[in-house]
Amino acid sequence: MSVLPLVFTSGWASGINAYAVVLLLGVFGATGLTDEVPESLQRPDVLIVAGVLFLCEAVADKIPYVDSVWDTVHTVIRPVAGAVVGALLAGQSGSLPDLAAGAIGGSTALASHAVKAGTRMAVNTSPEPVSNIVLSLAEDLGVGGLVSFAMFHPEAAAIIAAVLLVLGLLTLFLLVRRIRRFLRGRARRRADKRLAREGPPPP
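Here it is in structure tokens:
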């Protein structure tokens, strides 16, 4: 069976929460529920690090503005994680070249990361924190549920991931105005802080 659907789904999920993907895949492999997961993702040290970072993300991702800073830091990390996981899965199955799997996983992760980061920028234009918490929980549950589903029904999970990715990109396009407002507000706050540090101009 081709590993392509699993690579695509794991790439989509990595763009939202790469640590959850590594943790889930490692647990599925370590418990013997699937033989699709390479041993490198099942190592105890990998699982421990992924678990700790997942907990850090679970907290940071629910705090307004902190989530956007976290997303900015992970602009490189999530696509790289998607590419690495895709290449490892392909190497384990032998049904897809590692380079092609890495490209698919990385590009899919980059696209879903853009949706996540852009949506959070738009949500952060609202002063209340409830929407951040609800959206973050939905993302965590979505990643966990779809990656778990992909272990047993990879083709169906890949179709769901593709639909979610397209809907997310369309939503991101509609939220461009709010995202621009968020970026202007952040630039204004930075300018105000810089002026506060420099003090009032001399008379």
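According to this note's numbering, the sequence shown is numbered sequentially starting from 11. Beta carbons are placed, not taken as given, at the ideal position from N, Cα and C, and that holds for glycine.
Proximity below 7 angstroms, CB of residue i to CB of residue j
i, j, result
"ALA23", "VAL153", "yes"
"ALA119", "ARG88", "yes"
"VAL13", "SER117", "no"
"GLY178", "GLY92", "no"
"SER146", "ASP81", "no"
"LEU182", "VAL144", "no"
"SER122", "LEU175", "yes"
"ALA160", "LEU65", "no"
"GLY128", "ILE189", "yes"
"VAL95", "GLY115", "yes"
Contacting residues, own chain, Cβ-Cβ under 8 angstroms from residue i (five flanking each side not counted)
i, result
"VAL56", "VAL32, GLY36 and SER50"
"ARG130", "ASP77, SER78, ASP81, ASN142 and LEU145"
"THR85", "HIS123 and ALA127"
"ALA148", "none"
Of the listed residues the options, nearest to residue i (C-alpha basis)
i, options, result
"ASP45", "LYS72, ALA100 and ARG207", "ALA100"
"TYR215", "LYS203, ASN142 and LEU43", "Residue 215 lies beyond the stretch modelled for the chain, which goes from 11 to 213, so this question has no answer here."
"ASP108", "GLY61, HIS84 and PRO48", "PRO48"
"ILE26", "VAL90, LEU98 and LEU184", "VAL90"
"VAL59", "ARG187, ALA148, LYS203 and LEU34", "LEU34"
"ASP150", "ALA68, ARG187 and VAL83", "ALA68"
Close-in-space but distant-in-sequence residues of the same chain around residue i (CB under 7 angstroms, 5 per side omitted)
i, result
"ARG191", "THR135"
"ALA185", "Per the sequence presented here, residue 185 reads as Leu, with Ala not at that position. Only GLY128, THR129 and ALA132 meet the Cβ criterion."
Own chain partners of residue i with C-beta closer than 6 angstroms, once the 5 adjacent residues on each side are dropped
i, result
"PRO164", "PRO15 and LEU16"
"ALA97", "ASP108, ALA111 and GLY112"
"ALA167", "THR19, LEU156, PHE159 and ALA160"
"GLN52", "GLY36, GLY39 and ALA40"
"ARG200", "none"
"GLY61", "LEU33"
### Query
Taking three-plus beta-carbon pairs below 8 angstroms as touching, is the region 20 to 38 in contact with the region 141 to 155?
Touching, yes, given that three or more Cβ pairs across the two stretches are closer than 8 angstroms.
### Task
Scan the region 28 to 55 and note each continuous beta strand (DSSP E) run of 3 residues or more that stays entirely inside, going in chain order.
You should have found no qualifying run.
### Query
For the region 151 to 199, which segments carrying the alpha helix (DSSP H) assignment without a break, of at least 4 residues, lie completely within its bounds, in sequence order?
With a minimum length of 4 residues, the continuous alpha helix (DSSP H) runs that stay inside the region 151 to 199 are 164 to 184.
### Task
Could I get the ranges of all uninterrupted beta strand (DSSP E) runs contained in the region 103 to 142, with 3 residues as the minimum, in chain order?
Taking 3 residues as the minimum length, the region 103 to 142 contains no beta strand (DSSP E) run wholly inside it.
### Task
Only counting runs of 3 or more residues, tell me where the beta strand (DSSP E) segments fall wholly within the region 53 to 98, in order along the chain.
With a minimum length of 3 residues, no continuous beta strand (DSSP E) run stays inside the region 53 to 98.
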